[in-house]
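**Q** First residue of the sequence shown? That's 0 in numbering that gives the first Met the number 0, and the numbers climb one at a time after it.
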Amino acid sequence: MVKKTSRIWSSGGIMGDFLSGGEATLYLFNSGAQQLFEVKAFHEECRSWFIGQTVQQDGRLLFVTPMDPLFLILYYLIKADKEQQGKFQPLDQVVLDSEYPSCPLLLKCADVKRYIQQVTEEKEIGGQKFHKYSQEKTLKWLKKKVNQTVKALKSNNILVGERVLSSTFINSKQITDAQEDYIRYAHGLISEYIPEDLSKELLKYLGLPELRSPAPEPPLKKRKLSDVPVEPEEDYTKFNSDILKTKKANTKMSAAQKALAKVDKSGMKSISAFFSSKPKTSK
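1. Compute the distance between the beta-carbons of LEU104 and PHE28, then report whether it is under 8 Å.
2. Tell me the DSSP bridge mates of ALA40?
3. Go ahead and label SER47 buried or exposed: buried means 16 or more other beta carbons lie within 10 angstroms of its beta carbon, across all protein chains shown.
4. From the beta carbon of GLN116, is the nearest beta carbon of chain C less than 8 Å away?
5. Kindly indicate which three-state DSSP category PHE87 falls into: helix, strand or coil?
6. Exposed or buried, which one is SER154 when buried takes at least 16 other CB atoms within 10 Å?
7. Three-state secondary structure (DSSP) at LYS199?
8. Out of GLY51, GLN56, ILE50 and PHE70, state which residue places its alpha-carbon closest to the alpha-carbon of LEU188.
9. Which residues mark the beginning and the end of the beta strand (DSSP E) in which ARG121 is found?
10. Rounded to a whole number of angstroms, what is the C-alpha to C-alpha distance between SER198 and ILE50?
11. Could you check how far apart the C-beta atoms of LYS136 and GLN88 are, in whole angstroms? I think they sit under 8 Å.
12. Would you tell me roughly how many angstroms separate the C-alpha atoms of LYS139 and SER97, rounded to the nearest one?
13. If we ignore side chains and look at the alpha-carbon of each, how far apart do ILE193 and TYR74 end up?
14. Compare the Cα-Cα distances from LEU31 to each of ASP180, LEU106 and TYR181 and report the closest residue.
15. In angstroms with no decimal places, state the Cα-to-Cα distance between VAL149 and LEU201.
16. Classify ARG113: buried if its beta carbon has 16 or more other beta carbons within 10 angstroms, exposed otherwise.
17. Find out if the Cβ-Cβ distance for the pair VAL284, SER133 is shorter than 8 Å.
18. Indicate whether ILE145 and LEU152 have their beta-carbon atoms separated by less than 8 Å.
19. Nearest-angstrom Cα distance between ASP80 and GLN34?
20. Note down the Cα distance separating GLY58 from GLU43, rounded to an integer number of angstroms.
21. With which residues is GLN127 paired in a DSSP beta bridge?
22. Here's the rule: buried if 16 or more other CB atoms are within 10 angstroms of the residue's CB, otherwise exposed. What is CYS108?
23. Under DSSP, the beta strand (DSSP E) around LEU27 begins and ends at which residues?
24. Where do the ends of the alpha helix (DSSP H) carrying ILE157 lie?
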């Protein structure tokens with residue numbers, strides 16, 4: 000399981016650190032820790048802000064959206080279920096982390112105690128409630144999240160299939176993505192907040208086959224070698240001879256060559272005669 004380090008901060012909010020499955024992400028508690036927010040940073044190089052007479056070097060733009068704390072509590076529930084072999088425990092003993100002491104703030108969020116039953120089995124002994132992780136309930140809860148995401152995607156006319164690549168050239172009204180495309184895309188979004196093993200189980204629970212990379216194309220068949228020499232079906236040399244004749248016919252003589260051709264060469268020795276050996280005279 001990959002650890003997800005989160006820095007919790009805001010002006011007037013509550014600061015803290017805790018873990019969840021996934022990549023590094025920013026989270027924020029409002030004042031009183033009643034609501035959890037996910038913070039995403041849009042960062043560009045060479046960006047800063049002028050605040051009064053000072054320059055703030057960190058020019059990131061932060062986008063804050065509400066976040067269901069159950070996604071973060073799931074990490075501790077699954078961890079406790081493996082370590083304690085499925086024993087019931089109080090939540091305040093499950094959502095604990097010495098490395099991230101702020102994680103118990105998750106239990107203060109509104110409706111956590113009300114909706115915790117959607118991902119756990121619950122027992123009450125002596126007025127105290129005990130919980131343990133339930134994968135069956137969690138998969139049902141995650142399926143609802145997937146369906147809600149699909150509904151939001153469709154209501155906002157967001158294209159999700161592979162055909163979205165051609166939306167630049169084709170009117171978006173002419174493209175209708177299959178229901179499976181929406182479910183698979185929503186599953187991918189939800190999987191960013193849950194462990195990888197749980198993501199695979201959710202994929203099976205949704206009835207979606209796991210995508211596999213396409214099989215490599217077979218290598219080209221090699222030509223079978225034969226002892227019999229291969230002869231060309233046509234005589235291509237005649238084309239070469241025709242080309243040479245054409246080139247000779249089209250070759251034009253220069254003015255100097257024409258003048259030299261008109262000179263009377265009778266009685267003149269060729270230049271090669273001056274370099275040949277002289278005949279020996281008989282004594």
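For each residue, glycine too, the CB sits at the ideal point set by N, CA and C.
**A** This is what the structure holds:
1. yes
2. LEU61
3. exposed
4. Checking the listed chains, one finds no chain C in this structure; it contains a single protein chain.
5. coil
6. exposed
7. helix
8. PHE70
9. At residue 121 the sequence reads Glu, which differs from the Arg that was named. 119-124 is the span of the beta strand (DSSP E), which, as asked, contains GLU121.
10. 44 Å
11. Actually they do not touch by this definition, with Cβ atoms about 16 Å apart.
12. 31 Å
13. 8 Å
14. Per the sequence shown, the amino acid found at residue 31 is Gly instead of Leu. For the residues ASP180, LEU106 and TYR181, the minimum Cα distance to GLY31 belongs to LEU106.
15. 15 Å
16. exposed
17. Nothing about residue 284 can be reported from this structure: the residues present for the chain run from 0 to 282 only.
18. For clarity, residue 145 is Val in the given sequence; the question names Ile instead. Taking 8 Å as the Cβ cut-off, VAL145 and LEU152 do not qualify as a contacting pair.
19. 26 Å
20. 8 Å
21. ILE124
22. buried
23. 25-28
24. First-last for ILE157: undefined, no H or E at that position.
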